[in-house]
Structure formats: structure tokens, C-alpha cells
Amino acid sequence: MIIIDEKSQAMRGVPPPYEHLQPPPFPISSRPPPTLDTLSPHLLLQIVHRLFPQTSDADKGKVERQRETLYYLSTSLRLVNRVFYVVTMHVLRSTYLPAYNSLIRRPYSSDPFPQALPNTYEPTASLLTLQHIHRETRVLDLFIALKVRQDLYMDDTEFHLENTESFRDLFDYMQPKSRLEDLILHYGAKEGVVSGSEKVGTPRTAVTPRLSPVPYSALGVNFSIRKVGLVLTTRTAKRTILEENRTREEKLESTAKLLVLGLRDMLQKGNFRFG
Numbered sequence: 001m002i003i004i005d006e007k008s009q010a011m012r013g014v015p016p017p018y019e020h021l022q023p024p025p026f027p028i029s030s031r032p033p034p035t036l037d038t039l040s041p042h043l044l045l046q047i048v049h050r051l052f053p054q055t056s057d058a059d060k061g062k063v064e065r066q067r068e069t070l071y072y073l074s075t076s077l078r079l080v081n082r083v084f085y086v087v088t089m090h091v092l093r094s095t096y097l098p099a100y101n102s103l104i105r106r107p108y109s110s111d112p113f114p115q116a117l118p119n120t121y122e123p124t125a126s127l128l129t130l131q132h133i134h135r136e137t138r139v140l141d142l143f144i145a146l147k148v149r150q151d152l153y154m155d156d157t158e159f160h161l162e163n164t165e166s167f168r169d170l171f172d173y174m175q176p177k178s179r180l181e182d183l184i185l186h187y188g189a190k191e192g193v194v195s196g197s198e199k200v201g202t203p204r205t206a207v208t209p210r211l212s213p214v215p216y217s218a219l220g221v222n223f224s225i226r227k228v229g230l231v232l233t234t235r236t237a238k239r240t241i242l243e244e245n246r247t248r249e250e251k252l253e254s255t256a257k258l259l260v261l262g263l264r265d266m267l268q269k270g271n272f273r274f275g
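Numbering follows UniProt numbering, with no gaps: position 266 of the sequence shown is 266.
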């Protein structure tokens, strides 16, 4: 005999009693609202590229309008903040690098960009990270600052004449001097006598591991066509510690190697010690 409980059978189709539940806790975000300079670098770079006109107008052609845009990138947008500085300088340097390279004097060489560019845009990064350790980069930036003005003025009036003396100072003296200093860092780091950081220490992979390298920030050169001098700057003095004669046709790489070898000999003999 099967006994069916009619009450239990009827209760099976009744939903459970409703209870008011609190909504699940949602984390409160403290992230600030997005702004233009918080966009990812590649998006911001595309926005800057779209600023360049692609057509002519009644007064100016497309090329003249684009050169005017380059001028305002250099004099205005570049100065907004760090992020815009990095993006606009990327555009300006890539645009004017061919013109810069065309003015390099023979037999000088050129490499205004560091081997490793910063791939992050941290607001706490040092200014040295932005400007890089290469000193020729600053010469390229000076050339850009002159060139954008010269191009704009020449487009505005036919009476403006290009000032060749400014470019002559850059490429007769500043460019080979800064390039030579960068080569001293390059060869000096291989020899273990020059350090790219401010801290003085012995590099692990140095050829001469017992020597204490000199910080690159403390070194400079006095440059002329016939003679170069390696200059050491300390907290108390600035003096020329090494001089080498050179010929007009001598490559900067050869001069840099001579100075680095001379610096290594001085460190090995204990003629001076930095710090």
C-alpha cells in the first residue's frame, strides 16, 4: 500500500520564502578619471600624427602647413608635461634626423640615439632617463629647435635668409665634441674605466676589474681640429688630465680609443683617483 502525503506533494511547487539580501560588495576604485596624457603611448602618438594637415588651404600648401605644425609641436605641445615631451620629441627627431645626418662633417660619425630607449613612462623616472645618457642627443635637439624656426620663417617671408652660422657652430664643434664623449663612454665601459652611472664601482665584466671606473658625468673633452683633451670635473676643480694630438682626417673612434687607453694607463699607474 502506498500512502501519498497530499500536503507534502502540494508544498513541492511552492517557492521558498523571499528574504531581502544585501547586494554583493563592489570595490570602490580610487583610480582618477582618464585624461589625454594617461592614454597609452602608441595611442597618443597616433593622435599627434593626426595633427598634421593633409591638404592645402588658400594661403599655404600642405608642406608649409605641416612645417608650421612641427614648429608648434616644438614650442608648445612639447612643454605641456613629460608624456607629451616624449611623444613630440619622438616625432620631431624622426622627422629631422635625415636633415641632421646630411650636415655631419666628414670624417665624423654620428649616433644621437642611445642603444636602449626607455619603454616605460613612469612619472617618477629621472630626467636622465628622458634625455638619455648620450650627449649627442642634446645636439640633435638643438638642431631641431633651430631648424623648425628657420623653416617657419622662410615659409612666411621670402626676405628671410637662413642663418648658416648657427648650424656651422653645431656641426663644426658641438656635434663632434659630444659624439667623441659618447664614444669615450662606449669604449671606456668596455675597458672598465668609465661608468655610465653616478655610483663609482667595479663592473663585473670589465677587462680590468681591479680599476675603479670614473663616472661618465665627470668626464668631458676639449675639442679642436689638431688636439683633444680629456677633462675631469670634481667637486673642487676642473682640469685636463690627458691630451692627445690628432689630424684633421682622423676618425672620432680612433681618438676616443686613444683617450680611453690613456685613461686606463693613468688609473693603472695610480696617477689619480676619482672620488
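Idealized CB from N, CA, C, for every residue including glycine.
Predicted model, so just to flag it, every value in this text is computed and none were measured.
Below 7 Å, is the gap between the Cβ of residue 94 and the nearest heavy atom of the ligand ADP? Looking at this structure, you won't find the ligand ADP or any other ligand, since it has none at all.
Residues near residue 135 in its chain [Cβ-Cβ closer than 7 Å; skip 5 each side]: Position 135 of the sequence shown holds residue 135. Correct list, in chain order: 178, 181, 182.
Please state whether the Cβ-Cβ distance between residue 45 and residue 87 is less than 8 Å. Taking the sequence shown and counting its residues from 1, the one referred to as residue 45 is at position 45. Taking the sequence shown and counting its residues from 1, the one referred to as residue 87 is at position 87. Less than 8 Å separates the beta-carbon of residue 45 from that of residue 87.
Residue 187 vs residue 260 beta-carbon contact at 8 Å: Position 187 of the sequence shown holds residue 187. Position 260 of the sequence shown holds residue 260. Going by C-beta atoms, residue 187 is nearer than 8 Å to residue 260.
My guess is that residue 211 and residue 230 are in contact by the Cβ rule of under 8 Å, so how many angstroms apart are they, rounded? Residue numbering aside, residue 211 sits at position 211 when the sequence shown is read from its first letter. Residue numbering aside, residue 230 sits at position 230 when the sequence shown is read from its first letter. Residue 211 to residue 230, Cβ: 16 Å. No contact.
Please determine, among 101, 235, 144, the residue with the shortest C-alpha to C-alpha distance to residue 176. Mapped onto the sequence shown, residue 176 falls at position 176. Nearest Cα to residue 176 within the set 101, 235, 144: 101.
Of all the CB atoms in chain C, is at least one closer than 8 Å to the CB of residue 257? Going by chain labels, chain C is absent from the structure shown, which holds only one protein chain.
Tell me the residue span of the alpha helix (DSSP H) that contains residue 101. The residue labelled residue 101 in the question sits at position 101 within the sequence shown. Looking at the DSSP string, the run of the alpha helix (DSSP H) that includes residue 101 is 82 to 102.
Straight-line Cα distance separating residue 47 from residue 40: On the sequence shown, residue 40 is found 40 positions in, with the first residue counted as 1. On the sequence shown, residue 47 is found 47 positions in, with the first residue counted as 1. Cα-Cα distance, rounded: 11 Å.
If you reduce the DSSP assignment to three classes, tell me which class residue 196 lands in. Counting from one through the sequence shown, the residue named residue 196 turns up at place 196. If DSSP states are grouped into helix, strand and coil, residue 196 belongs with coil.
Between 105, 217, 74, 256, which has its C-alpha nearest residue 350's C-alpha? As shown, the chain starts at 1 and ends at 275. That puts residue 350 outside it, with no answer to give.
Check whether the Cβ atoms of residue 92 and residue 70 sit closer than 8 Å, and answer yes or no. As a first step, residue 92 must be located in the sequence shown, where it is residue number 92. As a first step, residue 70 must be located in the sequence shown, where it is residue number 70. A contact, by the Cβ cut-off of 8 Å.
Where do the ends of the alpha helix (DSSP H) carrying residue 68 lie? The count along the sequence shown starts at 1 and reaches residue 68 at position 68. First-last of the alpha helix (DSSP H) with residue 68: 62 to 75.
What's the C-alpha gap between residue 38 and residue 65? As a working mapping, residue 38 is identified with position 38 in the sequence shown. As a working mapping, residue 65 is identified with position 65 in the sequence shown. Going by the C-alpha atoms only, they are around 28 Å apart.
If we count the other Cβ atoms within 10 Å of its Cβ and call it buried at 16 or more, is residue 221 buried or exposed? On the sequence shown, position 221 is the one that residue 221 refers to. Residue 221 is buried by the Cβ-count criterion.
Using a threshold of 8 Å, state whether the C-beta atoms of residue 146 and residue 167 are closer than that. Locating residue 146 in the sequence shown gives position 146, where the first residue counts as 1. Locating residue 167 in the sequence shown gives position 167, where the first residue counts as 1. Taking the C-beta atoms as reference points, residue 167 is found nearer than 8 Å to residue 146.
Under the three-state DSSP convention, the category residue 138 falls into: Position 138 of the sequence shown holds residue 138. Helix, per DSSP.
With the cut-off set at 8 Å, would you say residue 255 and residue 244 are in Cβ contact? Counted from its first residue, the sequence shown places residue 255 at position 255. Counted from its first residue, the sequence shown places residue 244 at position 244. With respect to residue 244, residue 255 sits close: the two C-beta atoms are nearer than 8 Å.
Please work out which residues of its chain come closer than 6 Å, Cβ to Cβ, to residue 195, disregarding the five sequence neighbours upstream and downstream, and give them in chain order. Residue 195 sits at position 195 when you count from the first residue of the sequence shown. Counting only Cβ-Cβ distances below 6 Å, and skipping sequence neighbours, we find 213, 215.
Quick test of your reading: residue 52 and residue 104, contact by CB under 8 Å. State the CB separation rounded to the nearest angstrom. For the purposes of this step, residue 52 is taken as residue 52 along the sequence shown, with counting starting at 1. For the purposes of this step, residue 104 is taken as residue 104 along the sequence shown, with counting starting at 1. Separation of the CB atoms of residue 52 and residue 104 is rounded to 27 Å, and the pair is thereby denied contact status at 8 Å.
To the nearest whole angstrom, what separates the beta carbons of residue 109 and residue 238, a pair I think is in contact under 8 Å? One-based indexing of the sequence shown puts residue 109 at position 109. One-based indexing of the sequence shown puts residue 238 at position 238. About 27 Å separates the CB atoms of residue 109 and residue 238; that is not less than 8 Å, and the two are not in contact.
Just mark residue 112 as buried or exposed, buried being the case when its beta carbon has 16 or more other beta carbons within 10 Å. Position 112 of the sequence shown, counted from the start, is the residue given in the question as residue 112. Around the beta carbon of residue 112, a 10 Å sphere encloses 16 or more other beta carbons of the protein chains shown; the residue is thus reported as buried.
For residue 223: DSSP bridge partner residues: For the purposes of this step, residue 223 is taken as the residue at position 223 of the sequence shown. BP columns for residue 223 point to 228.
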